[in-house]
Amino acid sequence: MSSTGLILAVESSCDETAAAVVERGARTRSSVIASQIATHARYGGVVPELASREHLRAVVPVVRAALDQAGIGFQDLDAVAVTSGPGLAGALLVGISYAKALTLALGKPLVAVNHLEGHIHAVLLHEREAALAAGLPDPADEPALALVVSGGHTHLYLARPANSNWRYKLVGRTVDDAAGEAYDKVAKLLGLGYPGGPWIDSLSRFGNPKAVQFAFSQIKTKLHLGGKPPRTKAARTAPIADLDPRFLFSFSGIKTAVLRYVELHEMRAEAQARAALTLAHPQPCQSREAALELCPQPVLDLIASFQRAVVGDLMKKTFAAAEALGAKRILVTGGVAANRELRTRLTAEATRRGIHAAFPATALSTDNAAMIGAAAWPRFLAGEFAPADLSADPALALGA
Ligand code: KG4
Ligand code: ZN
């Protein structure tokens, strides 16, 4: 059968069961996401056992919906792609087992995709789709500095097109928490809903970002754990000793600083009362009235100051790396890339420096399978197929 260019992608690394059909890495034919937010919200974080159970329930209907929405059947596919890591072992295994069984039954190749590579391709997919919509040719693949900033990662990569595929080099990373993790923990501390990013993002518009001064200090690589990989959930992979300390992030300090501020200003009891309200009201506040009903002005000021500091630190290190590496293109991706302040400020600074900054469509910033289908296409063209014994790799690293 001739090539259709159609890849079915399955993503189940964390708390979204997603399936998508993507054509030649450039056009999303369908993208279906079954979110587990409601399941995990009451625990204020993802519960791995519950995540696996929900993936098991959702994977078959989600794939069926993705094929239906694309108007195709299994036989029309060139290949199936699946996220093989990093992520939660039990969660990843659901997608992998399903995709393996499917490719075996169909006699089609399986492509394994690194979740972080998927996030990077979310931006490339968005750029191709925007070009297509404007009647322009596909943008050329060019080297770029990629900031992957999510609930599990805050990593900087140099991404380079190599033959028909892409190669990645790690240039910076968090030594402890990921930025999204800091958003989630600070939101929990303040009695906001889960996940915390969208809550802080929407409420920060109504606060004074200069009210509280948060400082980020420079990390000393050689001193920090003797250069060994950190043992946190966010950053288990690859040593840090070889990385330039100017490109290292750390978000556990700001979380503690917020905690101290909350205790010092006796905001604790009020935050606990708010937690009951946000659980019953799962949508972040969009108006000043709604924001003020939920949070007194000093809390809104604290939220705005936290966001200002995190966005500032992400920008500072990303632009330092771009300058040192001579990057003329920055791709920002992962859940935190949905953040409005990060989008506006980083884009403005990039323009000032003559750098092209690109983000995925907001819906493609957080976890989805379209990005996995896009990342799989160059691997499919290069004949890089998954081995028959493919398994989940919860700490899978990207690049060197
Ligand atoms: O990429 P993602 O869906 O999952 C991971 O791979 O981690 O990212 C989820 C993270 C969560 O920490 C969430 O709070 C954060 O992205 N997030 C945001 C926003 N939307 C989601 N953080 C800041 N601002 C947002 N608008
Ligand atoms: Zn992700």
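Offset between the sequence shown (1-based) and this note's numbering: plus 122.
Backbone N, C-alpha and C fix where the C-beta goes; we use that ideal spot for every residue, glycine too.
C-alpha gap between residue i and residue j, whole angstroms
i	j	result
V143	L503	16 Å
Y316	Y290	32 Å
F328	M493	33 Å
L447	S174	40 Å
R151	W288	23 Å
K307	D299	10 Å
C136	N330	34 Å
Q408	S326	10 Å
S134	G257	34 Å
V334	A391	20 Å
L453	L269	6 Å
G318	P170	18 Å
T205	E388	44 Å
D260	T296	33 Å
V154	Q191	9 Å
A234	A498	7 Å
A413	A309	14 Å
I159	K332	32 Å
T466	D515	35 Å
A398	H275	29 Å
K436	L370	Checking the sequence, you will find Leu at residue 436 rather than Lys. Each residue's Cα considered, the two are about 10 Å apart.
L128	V181	19 Å
K450	S487	22 Å
E145	G229	19 Å
A156	A188	11 Å
R149	L381	44 Å
L422	A304	17 Å
V458	P367	22 Å
G495	L199	12 Å
R430	G209	28 Å
Y165	G505	42 Å
With 16 other Cβ atoms within 10 Å as the buried cut-off, status of residue i
i	result
S125	exposed
L238	buried
A252	exposed
E138	buried
Q394	exposed
P320	buried
R396	buried
R410	exposed
H403	exposed
A141	buried
P183	exposed
R250	buried
T225	buried
A444	buried
A356	Any answer about A356 is weak, because its pLDDT of 44 lies below 50 and its placement is not dependable; what the coordinates show is given next. Label assigned to A356: buried.
P509	exposed
L254	exposed
Identity of the residues DSSP links to residue i by a beta bridge
i	result
H478	R451
S157	E138
E133	A140
W288	P283
V233	A203
A268	Y279, L453
S513	S513 pairs with nothing; no bridge assigned.
T150	V144
T296	F371
L189	DSSP, once it has assigned bridges, lists no residue as partnering L189.
L399	Paired residues: none, contrary to the question.
L128	E145
Selected residue, minimal CA-CA separation from residue i, among the options
i	options	result
E220	L254, R179, Q191, I159	In the sequence as displayed, the identity of residue 220 is Tyr instead of Glu. Among L254, R179, Q191, I159, the Cα nearest to that of Y220 is on R179.
G195	A426, L130, T205, F481	L130
K439	L214, G274, F338, V245	F338
R282	R295, P265, V271, V293	P265
A485	N461, V433, G229	N461
T400	C417, E388, E411, R390	C417
V202	A262, A393, F507	F507
S513	R164, A211, E176, R250	A211
D489	L520, G456, H478	G456
A244	A510, A491, K377, R164	A491
V384	D200, A449, L311	L311
N285	P500, G521, L267, D366	P500
D263	G147, G167, Y305	G147
A227	G294, Q197, L381, F373	Q197
H248	L215, A480, A304, L365	A480
L292	E303, G302, H277	H277
H478	A510, F441, E463	F441
G375	F336, L365, P406, L386	F336
F373	P420, A519, F428	F428
E415	A483, L468, D364, L314	L314
S324	Q405, V432, R186	Q405
Next item on the list: Please determine if the stretch 465 to 475 and the stretch 220 to 237 are in contact, where contact requires at least 3 C-beta pairs separated by less than 8 Å.
Entry: no
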